[in-house]
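Chemist: Each protein sequence line maps, in turn, to chains W and X.
So for the first sequence, our numbering puts the first residue at 357; every next one is plus one.
So for the second sequence, our numbering puts the first residue at 13; every next one is plus one.
Glycine included, each C-beta is placed from N, C-alpha and C at the ideal position.
On a predicted model such as this, the values are computed, not experimentally measured, just so you know.
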Amino acid sequence: MIAWTGRKTVEGLEFVAAVLVLGFSAVRELFSPARRGRGEVFRVITRQILFTGVDALPVVGAIALMLGLIIIIQAGTTLPQVGAGAFLAKIIELTVVRELGPLLTAFIVIWRSGTAICTELGNMQVGQEIAALDAMGISLVRFLVMPRVAGMIVAMVCLTIYFDLIAIVGGFLVAKVHLTIPIQVYLEEIEEALSASDVLITVIKSVLFGFAIAVICCHHGLSVVSSTTEVPQQTTRAMLNTVTVCMVTDIIVSVWFYL
Amino acid sequence: MAEAAITLDRVSANDGDQALVEDISFTVQQGEAVALVGSNASGKGLVLRLCAGLEPPSSGTVRVLGADPARATEEQLLALRQRVGFVFAKPALISNMTVFNNVALPLRYHTVVPETEIQERVLARLTECGVAAFRDRMPADLTLGDARQAALARAMVMDPDILCVDEVLLGLDAEELVRLRKILEQYRRAGRPTIVATVNAPTSLLRVMDRLVLLRDGRLVASCPPAEAPLVADPMVQDFWGS
């Protein structure tokens, strides 16, 4: 038991160290003045934004709408019964903007794009494409990891803001059938409840989530050695680790700013 | 005398405790064409990767174009990689790029030449390798032979000083074999690049080579011109030529 605990602890520390090193290398490449491969790298970044951001708009919009609808219906019908109808906007701001928006967007991105990144890089390892890139002198961090990190961060920030907007406005419009609050009043209350720091913290969370998802999924994809059976194993690990890291990051950021 | 293109000096390479290649020494001069000949699992693939500087030795010294890849800085290694073209046994083309974009990738990444020149150079290499007609296809749509020819075009597009080809016969039909022999003969006449290829069966391609390095169980058996190879007194070599 002690040996198992020790082994798992060492493995955990090695994982954290490897991910931090990969993340640091990606950030260094992002701000590197080197002109090498700029066009190709830019192409990979735009493709990542397109895949993670633009292509995910329908699914993110649908989930945001359903979440907004659920929260607005529950809060809009329960709060007036206890004389707290004026807190509807505050409840929306607390649940959607501060917590569920960034977190649920991260989960959607993890299961859509995180799995895709891990699988793609894993299959590239098996097909010796990674070895071929290395043999051509093409930096794996510059060509594969950094563009995915940059694209993922941009897409995460945009998707989170989109998620919040759809959940707040769309959810209200759908719930309007059963509620009596005018939209103008509702939006004014939201505006009053929402501070600049809330928006800033949401953006900070999405940047951290995007960074964590991309780096961890790249790490697991590149950890595949030679067999196709390793690809789903690494993808499963990537999912578990990214969800855990996003939850822990969310707690840390929330505690840091709100406690 | 010009510096050797590749020098292996008492090189060994291990996988954990298991020795895969032991005490190998040979030199490849600039412009020379050398075939690493041996059966499967003779270690020739690993020796080829050592020659290209893709694998560090566990002992001994490897020098490629005057540099020691095991001790080179990242920048030196990057410069070296651009001067060595490598064709893997698997074609290893990037699966989400067309054949054209695969071949253009090293040029687009390492150079700032205009796109028109890239188009010309890539098309010239694709035509030379007989796969220009497949320029817009994805790698998954190619036969193994065509994919390897495209990989050869990609390895040659930067005009490397050394060309390393692993399992040179893999996936080639008779027509492709003749085309490849002509390409290699053309390179030989031009005096560059230096060619190192692994071969696991007797083939007419060996006639193009200046020298054969015969390997068995990770050890060097002999290094000699193709004409002298059948005379080497070794059971593996005798079996190889006898077959």
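For V416 of chain W and I524 of chain W, which I take to be in contact (beta-carbon distance under 8 angstroms), what is that distance rounded to the nearest angstrom?
Modeler: Here the question's residue 416 of chain W lines up with position 60 in the first sequence. Here the question's residue 524 of chain W lines up with position 168 in the first sequence. With a Cβ gap of about 14 angstroms, V416 of chain W and I524 of chain W do not count as contacting.
Chemist: Taking G566 of chain W as the reference, which of W:I419, W:V530, W:I405 and W:G577 has the closest Cα?
Modeler: Within the first sequence, numbered from 1, the residue matching residue 566 of chain W stands at position 210. Measuring from the Cα of G566 of chain W, the nearest candidate turns out to be W:I405.
Chemist: Report the neighbours of P118 of chain X on chain W: residues whose CB is nearer than 7 angstroms to its CB, in chain order.
Modeler: Indexing the second sequence from 1 puts residue 118 of chain X at position 106. Under the 7 angstroms cutoff, chain W gives M492.
Chemist: Please tell me whether A382 of chain W has its Cβ less than 7 angstroms away from any Cβ of chain X.
Modeler: Translated into positions along the first sequence, residue 382 of chain W becomes position 26. No, A382 of chain W lies away from the interface with chain X (no Cβ there is under 7 angstroms from its Cβ).
Chemist: If you check the beta carbons only, do D173 of chain X and P126 of chain X fall under 7 angstroms apart?
Modeler: Position 161 of the second sequence, counting from 1, holds the residue named residue 173 of chain X. Position 114 of the second sequence, counting from 1, holds the residue named residue 126 of chain X. No, Cβ-Cβ distance for D173 of chain X and P126 of chain X is not below 7 angstroms.
Chemist: Are the stretch 137 to 149 of chain X and the stretch 164 to 180 of chain X touching by the rule of at least three beta carbon pairs closer than 8 angstroms?
Modeler: Touching, yes, given that three or more Cβ pairs across the two stretches are closer than 8 angstroms.
Chemist: What in chain X is Cβ-close to Q484 of chain W, meaning under 7 angstroms?
Modeler: Against the first sequence, residue 484 of chain W aligns to sequence position 128. Correct list: F100, K102 and A104.
Chemist: Taking only the alpha-carbon atoms, compute the straight-line gap between S70 of chain X and T19 of chain X and give it to the nearest angstrom.
Modeler: Residue numbering aside, residue 70 of chain X sits at position 58 when the second sequence is read from its first letter. Residue numbering aside, residue 19 of chain X sits at position 7 when the second sequence is read from its first letter. Those two C-alpha atoms are separated by around 16 angstroms.
Chemist: A64 of chain X versus chain W: which residues are under 9 angstroms apart at the beta carbon?
Modeler: On the second sequence, residue 64 of chain X is found 52 positions in, with the first residue counted as 1. Correct list: A491.
Chemist: Given a threshold of 16 other Cβ atoms within 10 Å of its Cβ, counted over all protein chains shown, does R394 of chain W qualify as buried or as exposed?
Modeler: Counting from one through the first sequence, the residue named residue 394 of chain W turns up at place 38. Exposed: under 16 other Cβ atoms inside 10 Å.
Chemist: If you draw a straight line from the C-alpha of I427 of chain W to the C-alpha of A462 of chain W, how long is it?
Modeler: As a position in the first sequence, residue 427 of chain W is number 71, starting the count at 1. As a position in the first sequence, residue 462 of chain W is number 106, starting the count at 1. Near 19 angstroms, if we compare the C-alpha coordinates of A462 of chain W and I427 of chain W.
Chemist: So, with DSSP's three-state summary, where would you put R231 of chain X?
Modeler: Numbered from 1 along the second sequence, position 219 holds the residue referred to as residue 231 of chain X. Looking at R231 of chain X - three-state DSSP - the assignment turns out to be strand.
Chemist: Measure from the alpha carbon of V220 of chain X to the alpha carbon of each residue in X:V115, X:G157, X:R191 and X:N108, then state which is nearest.
Modeler: If you number the second sequence from 1, residue 220 of chain X lands on position 208. Per the Cα distances, X:R191.
Chemist: Starting from the Cα of A16 of chain X, find the closest Cα among X:G97, X:V33, X:G230 and X:D80 and give me that residue.
Modeler: Working through the second sequence from its first residue, we reach residue 16 of chain X at position 4. Ranking the options by Cα distance to A16 of chain X, first place goes to X:D80.
Chemist: Does the CB of G470 of chain W have a neighbour CB from chain X at under 7 angstroms?
Modeler: As a first step, residue 470 of chain W is located in the first sequence; it is residue number 114 there, counting from the start. False, the Cβ-Cβ gap to chain X never drops below 7 angstroms.
Chemist: List the residues of chain X that A487 of chain W touches, going by C-beta distances under 8 angstroms, in chain order.
Modeler: The residue you call residue 487 of chain W lines up with position 131 of the first sequence. In chain order: L66, F100 and A104.
Chemist: Could you please give the first and the last residue of the uninterrupted alpha helix (DSSP H) stretch that includes A45 of chain X?
Modeler: Translated into positions along the second sequence, residue 45 of chain X becomes position 33. Segment A45 to V49 is the beta strand (DSSP E) holding A45 of chain X; no alpha helix (DSSP H) there.
Chemist: Got a sec: is the Cβ-Cβ distance from R93 of chain X to anything in chain W below 7 angstroms?
Modeler: Along the second sequence, read from residue 1 onward, the residue named residue 93 of chain X stands at position 81. By this cut-off, R93 of chain X is an interface position.
Chemist: Is it a yes or a no for the stretch 482 to 497 of chain W touching the stretch 581 to 592 of chain W, going by three-plus beta-carbon pairs under 8 angstroms?
Modeler: Short answer: they touch.
Chemist: Tell me which residues of the stretch 175 to 200 of chain X have at least one Cβ-Cβ distance to chain W shorter than 8 angstroms, keeping chain order.
Modeler: Hits within the stretch: zero.
Chemist: State the Cα-Cα distance for the pair M618 of chain W and L459 of chain W, rounded to the nearest angstrom.
Modeler: Lying before the first or after the last residue shown, residue 618 of chain W is absent from chain W, which here runs from 357 to 615.
Chemist: Let me see if you follow: with CB-CB separation under 7 angstroms, is L90 of chain X close to chain W or not?
Modeler: Stepping through the second sequence from its first residue, residue 90 of chain X is reached at position 78. It does: the Cβ of L90 of chain X has a partner Cβ on chain W nearer than 7 angstroms.
Chemist: For my contact list, D222 of chain X and E44 of chain X are in at a C-beta cut-off of 8 angstroms; report their separation, rounded to the angstrom.
Modeler: Here residue 222 of chain X refers to the residue found at position 210 when the second sequence is read from its first residue. Here residue 44 of chain X refers to the residue found at position 32 when the second sequence is read from its first residue. Right, their Cβ atoms sit about 5 angstroms apart.
Chemist: My understanding is that P118 of chain X touches M492 of chain W, with C-beta atoms under 8 angstroms, so please give their C-beta distance in whole angstroms.
Modeler: Your numbering for residue 118 of chain X matches position 106 in the second sequence. Your numbering for residue 492 of chain W matches position 136 in the first sequence. Between M492 of chain W and P118 of chain X the Cβ distance is about 5 angstroms, and since that is below 8 angstroms, they are a contact.
Chemist: Across which residues does DSSP place L175 of chain X in a beta bridge pair?
Modeler: Taking the second sequence and counting its residues from 1, one reaches residue 175 of chain X at position 163. DSSP output for L175 of chain X lists X:G97 and X:I207 as bridge partner(s).
Chemist: For the alpha helix (DSSP H) that R200 of chain X lies in, which residues bound it at each end?
Modeler: Numbered from 1 along the second sequence, position 188 holds the residue referred to as residue 200 of chain X. First-last of the alpha helix (DSSP H) with R200 of chain X: A186 to A202.
Chemist: Please tell me whether E396 of chain W has its Cβ less than 7 angstroms away from any Cβ of chain X.
Modeler: Your numbering for residue 396 of chain W matches position 40 in the first sequence. For E396 of chain W, the answer is yes, since a Cβ of chain X falls inside 7 angstroms of its Cβ.
Chemist: What separation, rounded to the nearest whole angstrom, lies between the Cα atoms of D251 of chain X and N52 of chain X?
Modeler: Indexing the second sequence from 1 puts residue 251 of chain X at position 239. Indexing the second sequence from 1 puts residue 52 of chain X at position 40. Taking the straight line from one Cα to the other gives about 14 angstroms.
Chemist: Report the CB separation of G526 of chain W from L421 of chain W in whole angstroms; it is logged as a contact under 8 angstroms.
Modeler: As a working note, residue 526 of chain W is residue 170 in the first sequence. As a working note, residue 421 of chain W is residue 65 in the first sequence. Confirmed, about 5 angstroms.
Chemist: Relative to the alpha-carbon of L224 of chain X, which residue among X:A209, X:D185, X:S216 and X:V46 has its alpha-carbon at the smallest distance?
Modeler: Walking along the second sequence from the start, residue 224 of chain X turns up at place 212. If we check each option's Cα against that of L224 of chain X, X:V46 comes out closest.
Chemist: Anyone know if the C-beta pair for T516 of chain W and S562 of chain W falls short of 7 angstroms?
Modeler: As a working note, residue 516 of chain W is residue 160 in the first sequence. As a working note, residue 562 of chain W is residue 206 in the first sequence. Yes, the pair counts as a contact, with Cβ atoms nearer than the cut-off.
Chemist: Measure the C-alpha to C-alpha separation of Q131 of chain X and E545 of chain W and round it to an integer number of angstroms.
Modeler: To locate residue 131 of chain X, count along the second sequence from 1; it is residue 119. To locate residue 545 of chain W, count along the first sequence from 1; it is residue 189. Each residue's Cα considered, the two are about 59 angstroms apart.
Chemist: State the Cα-Cα distance for the pair A445 of chain W and L615 of chain W, rounded to the nearest angstrom.
Modeler: Mapped onto the first sequence, residue 445 of chain W falls at position 89. Mapped onto the first sequence, residue 615 of chain W falls at position 259. Distance between the alpha carbons of A445 of chain W and L615 of chain W: 21 angstroms.
Chemist: Taking CB distances under 7 angstroms as the criterion, tell me whether G393 of chain W reaches chain X.
Modeler: Counted from its first residue, the first sequence places residue 393 of chain W at position 37. G393 of chain W counts as touching chain X.
Chemist: Let me know the secondary structure DSSP gives D251 of chain X once reduced to three states.
Modeler: As a position in the second sequence, residue 251 of chain X is number 239, starting the count at 1. Looking at D251 of chain X - three-state DSSP - the assignment turns out to be helix.
Chemist: Rounded to the nearest angstrom, what separates I607 of chain W and V541 of chain W at their Cα positions?
Modeler: The residue you call residue 607 of chain W lines up with position 251 of the first sequence. The residue you call residue 541 of chain W lines up with position 185 of the first sequence. Whole-angstrom Cα-Cα distance: 32 angstroms.
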